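Numbering (my numbering), first residue to last: 1443 to 1761. To keep things clear, I will list the structure first and then write my remarks on it.
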């Protein structure tokens, strides 16, 4: 198991190195110049060249990458050109609402999709299966921004159950904090409900059709015992994989709902940073999101041997 974990950690470290090169190259290749944006169209060529030198934009790309990587490894994410603050400090403030929305969306999708998918697999072509199919189709077809606006109209404006927009930090209390995040999380999580529901249903149906389940039934195990004690447990590997992958998508997709609900998260931050060509903020934000995605995949890789004995045996673990 230790060798398996070290092998996965080494593979992910290689991914992080390649990812850092891609992030820096993409940012470096972006059109536009922050010096021109800062100084405006009336700036002279000499003023722009001087500011580019101050910002370190006149150096070769490979040298800039090595300097940037060296600083990142020391925990220095740079200094925002426009916000006039350390990027790590800015990101720390913006990560809380974004990660909270993504976590809440993942919980909502898990609580809705898995029970509905299990019920659909148990009564194929029944009411639960039809409901899952409708929800999955609507979730994939309806744009997230349209769903967000609909939720605001119904649950915030007409019913008054939730605030229309804004954000309350956790220091103001858990209920105000959650009240501002529920609608964004639902808007963000509906697509994940569709994806997770379909994957879970398909996995459970596949397991239920195996000879292994036939043997379990022949031993007199109840239908609920077969479904929850064996079929769902053996279907957990693809479910966990989808959850980890979707969390990265939730983080990346938070920009739209943060804009609609006026939440100061990293989605809003990166949109503003791109429009201002604030390179340090863009690089750090993309890198942090990618690192979260990589860490989640590493955790999932460690869960695989625990969920599936065949993977544990292949990794050299004990039966």
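Even glycine gets a Cβ: it sits at the ideal position worked out from N, Cα and C. Note that the structure is a prediction, hence the values are computed from the model and not measured.
Among the options, which residue has its Cα nearest to the Cα of residue i?
i            : options                : result
residue 1645 : 1561, 1490, 1482       : 1561
residue 1738 : 1685, 1729, 1697       : 1685
residue 1719 : 1494, 1675, 1704, 1485 : 1494
residue 1594 : 1488, 1702, 1616       : 1702
residue 1526 : 1733, 1734, 1715, 1741 : 1715
residue 1515 : 1490, 1459, 1452, 1604 : 1459
residue 1461 : 1511, 1607, 1489       : 1511
Quick one: Cα of residue i to Cα of residue j, how far?
i            : j            : result
residue 1657 : residue 1446 : 32 Å
residue 1463 : residue 1610 : 37 Å
residue 1528 : residue 1730 : 15 Å
residue 1621 : residue 1630 : 15 Å
residue 1626 : residue 1541 : 12 Å
residue 1670 : residue 1602 : 38 Å
residue 1761 : residue 1673 : Its pLDDT being 46, under 50, residue 1761 is placed unreliably in this model, and the value from its coordinates should be taken loosely. Between residue 1761 and residue 1673, the C-alpha separation is close to 20 Å.
residue 1616 : residue 1481 : 43 Å
residue 1569 : residue 1640 : 15 Å
residue 1546 : residue 1717 : 29 Å
residue 1550 : residue 1634 : 9 Å
residue 1523 : residue 1597 : 39 Å
residue 1683 : residue 1582 : 19 Å
residue 1475 : residue 1721 : 10 Å
residue 1599 : residue 1709 : 24 Å
residue 1584 : residue 1485 : 46 Å
residue 1503 : residue 1468 : 11 Å
residue 1662 : residue 1653 : 15 Å
residue 1649 : residue 1518 : 48 Å
residue 1505 : residue 1623 : 42 Å
residue 1572 : residue 1614 : 42 Å
residue 1496 : residue 1513 : 17 Å
residue 1762 : residue 1580 : The chain is shown only over 1443 to 1761; residue 1762 falls outside these bounds and no answer can be derived.
residue 1492 : residue 1483 : 15 Å
residue 1566 : residue 1444 : 41 Å
residue 1448 : residue 1487 : 52 Å
residue 1490 : residue 1534 : 31 Å
Tell me, to the nearest whole angstrom, how far the beta carbon of residue i is from that of residue j; I am working on the premise that it is less than 8 Å.
i            : j            : result
residue 1632 : residue 1589 : 6 Å
residue 1555 : residue 1642 : 6 Å
residue 1698 : residue 1586 : 6 Å
residue 1576 : residue 1638 : So it is not a contact: roughly 16 Å between Cβ atoms.
residue 1745 : residue 1544 : Not quite, the Cβ-Cβ distance comes to about 19 Å (not below 8 Å), so this is no contact.
residue 1558 : residue 1574 : 5 Å
residue 1636 : residue 1696 : About 18 Å; that fails the 8 Å criterion.
residue 1711 : residue 1536 : 5 Å
I'd like to check one pair, residue j with residue i: are the Cβ atoms closer than 8 Å?
i            : j            : result
residue 1548 : residue 1688 : yes
residue 1723 : residue 1538 : no
residue 1564 : residue 1743 : no
residue 1690 : residue 1700 : no
residue 1679 : residue 1748 : no
residue 1736 : residue 1457 : yes
residue 1521 : residue 1725 : no
residue 1647 : residue 1655 : no
residue 1740 : residue 1454 : yes
residue 1499 : residue 1471 : no
residue 1607 : residue 1676 : no
residue 1612 : residue 1604 : no
Ordered list of beta strand (DSSP E) runs contained in the segment 1539-1607, each at least 3 residues
none
Where are the alpha helix (DSSP H) runs, 4 residues long or more, that stay fully inside the segment 1491-1519, in chain order?
1503-1515
Whole alpha helix (DSSP H) runs in the segment 1603-1650 with 4 or more residues, listed along the chain?
1616-1621, 1624-1650
Residue ranges of each alpha helix (DSSP H) run of no fewer than 4 residues wholly in the segment 1668-1746, ordered along the chain?
1678-1702, 1708-1718
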